[in-house]
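S.K.:
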Amino acid sequence: MIPLNWVVGLGAALFAIGAVGVMVRKNPLIMFMAAEMMWNAAALVFVAYARSFHAMSGQVMAFIIIGTAAAEVGIGLAIIVSVFHHRHRLDIDEVSQLRG
Amino acid sequence: MIAFIVLAIVALAGALGVIVARQPVHSALFLIVNIISLAVFYILLSAEFLAAAQVIVYAGAIMVLFLFVVTLLTAGKDDHEPSEHLAGQRGTAGVLAVVSGGGLAVLGVVFPSKKVPLGLPHNFGNLHGMGQMLWGPDFIYLAAVALMLLTAAVGVLVLNRPQTKSRPEVRLEERES
Numbered sequence: 278m279i280p281l282n283w284v285v286g287l288g289a290a291l292f293a294i295g296a297v298g299v300m301v302r303k304n305p306l307i308m309f310m311a312a313e314m315m316w317n318a319a320a321l322v323f324v325a326y327a328r329s330f331h332a333m334s335g336q337v338m339a340f341i342i343i344g345t346a347a348a349e350v351g352i353g354l355a356i357i358v359s360v361f362h363h364r365h366r367l368d369i370d371e372v373s374q375l376r377g
Numbered sequence: 128m129i130a131f132i133v134l135a136i137v138a139l140a141g142a143l144g145v146i147v148a149r150q151p152v153h154s155a156l157f158l159i160v161n162i163i164s165l166a167v168f169y170i171l172l173s174a175e176f177l178a179a180a181q182v183i184v185y186a187g188a189i190m191v192l193f194l195f196v197v198t199l200l201t202a203g204k205d206d207h208e209p210s211e212h213l214a215g216q217r218g219t220a221g222v223l224a225v226v227s228g229g230g231l232a233v234l235g236v237v238f239p240s241k242k243v244p245l246g247l248p249h250n251f252g253n254l255h256g257m258g259q260m261l262w263g264p265d266f267i268y269l270a271a272v273a274l275m276l277l278t279a280a281v282g283v284l285v286l287n288r289p290q291t292k293s294r295p296e297v298r299l300e301e302r303e304s
């Protein structure tokens, strides 16, 4: 049996690494993958608490996180591709101003 | 405990590889390592259905989509990181994220939650238990996710709308040829 508090600590560490990736990298694709990692860390903590409290609600939340991530990836990659078609550069600062 | 340590090292190495790798393709492959180690974690935490869903949806569908877009956008380019405009943003962001994440991790490790002594229910974590929750008390979440996925599909179609002006010319050329 895995101790719960270490799993929660691992989730926090993964979340922090994802946050560093979002704030430090400038390639929008890599930023997006780091954001996916942050979703995953939250889902891991949900599953760990579901195991600890013997309640399925946490697993339902993790399932919904997976569904949300699928929708988010579709929209986000569509935005990245359409920005790339306009600017031809993979740099997040290309969209720092809301102009067409 | 040994399984936890090995899996945690693999997951952290994959996570660090995502944000350190220079090429987006390498980031995507490291993210697959991270996702699969988390799926093994789900099995250890007796969430078998979620482990299968994680592998199928994340490592299957989402990462294939990522790899398609990465190869579409960065094929044959020497992809170096663009220079930073805001001075000191990277250092400040790194320090803030490490302090807050480290604080969260220390709090999570130091203060364990209370033990639950009961045995697991027979349908804990498998498809049966999940379906009972999703089609019973948590049906509103399932409906919300369905609505959100539909909105995402329509949104992708609207975002990548084909250019309406050039469309008839293309059709005429196709008919002539």
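Chains L and U, in that order, give the protein sequences.
Quick note: the first sequence uses my numbering, first residue 278, plus one each step.
Quick note: the second sequence uses my numbering, first residue 128, plus one each step.
Glycine included, C-beta positions come from ideal geometry on N, C-alpha and C.
Values in this document were obtained by computation on a predicted structure and should not be read as measured data.
1. Going along chain L in order, which residues have a C-beta closer than 8 Å to the C-beta of Val182 of chain U?
2. What do you reckon, are the CB atoms on Gly252 of chain U and Ala174 of chain U nearer than 7 Å?
3. Quick check: the segment 280-291 of chain U against the segment 344-354 of chain L, are there 3 or more CB pairs under 8 Å?
4. Can you name the residues of chain L whose CB is closer than 8 Å to the CB of Val225 of chain U?
5. What does Gly258 of chain U touch in chain L if you count any residue whose Cβ is under 8 Å from its own?
6. Am I right that Leu200 of chain U and Leu367 of chain L are in contact with their C-beta atoms under 8 Å? What's the rounded C-beta distance?
7. Would you check if there are 3 or more beta carbon pairs closer than 8 Å linking the segment 141-155 of chain U to the segment 319-337 of chain L?
8. Spell out whether any CB of chain U is found under 7 Å from the CB atom of Met333 of chain L.
9. Can we say the segment 282-300 of chain L touches the segment 311-329 of chain L, given the rule of at least three CB pairs closer than 8 Å?
10. Identify the contact partners of Ala325 of chain L in chain U, using a Cβ-Cβ distance below 9 Å as the criterion.
11. What does a CB cutoff of less than 8 Å around Lys303 of chain L pick up in its chain, not counting 5 residues either side in sequence?
12. For the alpha helix (DSSP H) that contains Met128 of chain U, what are its first and last residues?
13. Would a check of beta-carbon distances place Pro289 of chain U closer than 7 Å to chain L?
14. Using only the heavy atoms of the ligand MN, determine whether one of them is closer than 6 Å to the beta carbon of Ser154 of chain U.
15. Helix, strand or coil: which one does DSSP assign to Phe238 of chain U?
16. Looking only at C-alpha atoms, which of L:Met308, L:Ile294, L:Pro280 and L:Ala327 sits nearest to Met260 of chain U?
17. For Leu134 of chain U, collect the residues of the same chain with a Cβ closer than 8 Å to its Cβ; drop the 5 residues on either side in sequence, then sort them by chain order.
18. Report yes if the CB atom of Ala339 of chain L is closer than 7 Å to the CB atom of Leu223 of chain U, and no otherwise.
19. Can you check which of these residues, U:Tyr185, U:Ala179, U:Leu213 and U:Gly218, is closest to Trp316 of chain L by C-alpha distance?
20. If the cut is a Cβ gap below 9 Å, which residues of chain L does Gly215 of chain U touch?
21. Quick one: list the residues of chain L neighbouring Thr201 of chain U, beta-carbon separation under 9 Å, in chain order.
22. Let me check understanding here. Comparing Cα to Cα, which of L:Leu306, L:Met300, L:Ala312 and L:Val372 lies closest to Gly215 of chain U?
23. Taking 7 Å as the CB-CB cut-off, is Met315 of chain L touching chain U?
24. On the three-state DSSP scale, how would you describe Asn304 of chain L?
25. Quick one: measure Cβ to Cβ for Gly295 of chain L and Ala311 of chain L, integer angstroms, because I've assumed they're closer than 8 Å.
26. Given that a residue counts as buried once 16 or more other Cβ atoms are within 10 Å of its Cβ, and exposed if not, what is Ile159 of chain U?
27. Within 7 Å (strictly less), CB to CB, does Gly187 of chain U reach chain L?
M.R.: Taking the geometry as given:
1. None at all; the shortest Cβ gap to chain L is about 11 Å.
2. yes
3. yes
4. Within 8 Å Cβ-Cβ: Ala293 and Val297.
5. By Cβ distance, chain L contributes nothing, its closest Cβ being about 10 Å from Gly258 of chain U, past 8 Å.
6. 6 Å
7. no
8. yes
9. yes
10. Phe168 and Leu172
11. Asp368, Ile369 and Asp370
12. Where Met128 of chain U is concerned, there is no enclosing alpha helix (DSSP H), given that its DSSP letter is neither H nor E.
13. no
14. No copy of the ligand MN occurs in the structure displayed, which carries no ligand at all.
15. coil
16. L:Ala327
17. Ser164, Val167, Phe168 and Leu171
18. no
19. U:Tyr185
20. Counting only Cβ-Cβ distances below 9 Å, Gly215 of chain U has no contacts in chain L at all, with the closest Cβ about 12 Å away.
21. Asn304, Leu306 and Leu367
22. L:Met300
23. no
24. coil
25. 5 Å
26. Ile159 of chain U is buried by the Cβ-count criterion.
27. no
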